[in-house]
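Numbering (mature numbering (1 follows the signal peptide of the UniProt record, and there is no 0)) for the sequence shown: -21 to -1, 1 to 255. Built from N, CA and C at the ideal position, the CB exists for glycine as well. The model shown is predicted, which means the values in this text are computed figures rather than measured ones. Data first, discussion second: the structure below is written as structure tokens.
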Amino acid sequence: MRASSPLALLILLPLVATGGGQENRDPLFIAPSTEVHGPFWVQVLPPEVSILPGSSVWINCSTSCLQPEAWGLITSLTQGKKKIGPGWVAYQVLDVRAWDSAARCFFTCAGETQEATATIKTYSPPQTVVLEQPPLIDVGTEYKFHCHALFVFPLEKLTMILSLEGRTLCSVSLAGSGYRLDSANVTWTSTLQLRLQDMGQLLSCHAQLNLNGFLVIRSSEPVKLQFRGEAQTAWVALAALAGLLLLISGVFLLQSRGQLQSEPLCPSGGTQAEKL
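Here it is in structure tokens:
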């Protein structure tokens, strides 16, 4: 079995730092609790968030310091609006496209600076997974199966899987394919040699994103394997004839002393069935 996978490219954005300032407070904005839990602390909400590529998100930084001297958000991402309240500042981060980014907020109080970091991840599970219907198949002949996963991000977290009746036949990981900033379409071609016993079974393709242990899986509609009628008839006839002969003869050999002794159907170390 052989499989091929596309490569992609990711360009990392430069690091940009911004400082604190004062803006009008939005009375409709809901701030987190600023109750003091002890010494001066800084909190960021949400600490980790996953969004679709190109989306925006609000990062809320809060502190127990009643009169911070300075504050800000340090990130490689583009910042938008900002909202300020007692003990908190909320920053809008725009057009997030990198798979894994960080936004670090800080407050300075009485000459001491504390920080808290939010992790922002972007991913886009395949909108569609399509396994092309193969033509009529000849037994023992290799065929190429084509599977398409549309609008996937990030590619380096993607694994393509081909399964027959729920049993994995082969897979390919795009972990070494490189990086890119946008969703991409993936076409995977896998070559299989099918057996007679595979006739009529359902073949499926799956696109699996592994987001640091969190799996997102999309599957194709299964396709039914169909062999050419002539080949199917011939193989079935041969199988039936062989079974009939074994039933009649019992594969017994007549020895010189008139005893019956069974002969192994397969020689020692016989061949194994070829796997898909």
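Item: Contacting residues, own chain, Cβ-Cβ under 6 Å from L141 (five flanking each side not counted); Value: L148, C149, S169, C184
Item: Alpha-carbon spacing of W167 relative to H127, whole angstroms; Value: 6 Å
Item: Exposure of residue 321, with buried meaning 16 or more beta-carbon neighbours within 10 Å; Value: Outside the displayed range of the chain (-21 to 255) lies residue 321, so it cannot be described from this structure.
Item: DSSP beta-bridge partners of Y122; Value: L171
Item: Own chain, CB closer than 8 Å to W78, minus 5 neighbours either side, in chain order; Value: L(-12), K100, T101, Y102, F132, P133, E135, K136, Y158
Item: For L134, three-class secondary structure by DSSP; Value: helix
Item: Counterpart residues of E94 in DSSP-defined beta bridges; Value: F85
Item: CA nearest to the CA of F193, picked from G145, L204, P104; Value: P104
Item: Backbone CA spacing between A69 and C40 [nearest angstrom]; Value: 6 Å
Item: Option nearest V151 by Cα separation, candidates Q93, V165, Q58; Value: V165
Item: Selection from L45, A154, W37 that minimises the alpha carbon distance to K62; Value: W37
Item: 6 Å CB neighbourhood of T92 in its chain, flanking five on each side removed; Value: F85
Item: Cβ-Cβ separation, R83 to T54 (assumed contact under 8 Å), whole Å; Value: 7 Å
Item: Assigned exposure category for L73 - 16 Cβ within 10 Å defines buried; Value: exposed
Item: Contacting residues, own chain, Cβ-Cβ under 8 Å from T42 (five flanking each side not counted); Value: T13, F19, W20, V21, Q22, W50, G66, W67, F86, C88, Q93
Item: Alpha-carbon to alpha-carbon, S35 and R207; Value: 54 Å
Item: Whole-angstrom C-beta distance between L110 and S199, which should lie under 8 Å; Value: 4 Å
Item: Under the three-state DSSP convention, the category Q176 falls into; Value: helix
Item: Counterpart residues of E27 in DSSP-defined beta bridges; Value: T98
Item: CB contact flag (A81, T57, <8 Å); Value: no
Item: Best match in G119, T96, C44, Q46 for proximity to V28 [C-alpha to C-alpha]; Value: T96
Item: Sequence-distant residues of its chain with Cβ nearer than 7 Å to residue 286 (five each side left out); Value: This structure does not reach residue 286, given that the chain is present from -21 up to 255, and the question cannot be answered.
Item: Sequence-distant residues of its chain with Cβ nearer than 7 Å to S162 (five each side left out); Value: P32, S103, F130, V131, F132
Item: Distance, M139 Cα to L190 Cα; Value: 15 Å
Item: W50 - DSSP class collapsed to helix/strand/coil; Value: strand
Item: Beta-carbon proximity check, Q180 vs L204, cutoff 8 Å; Value: yes
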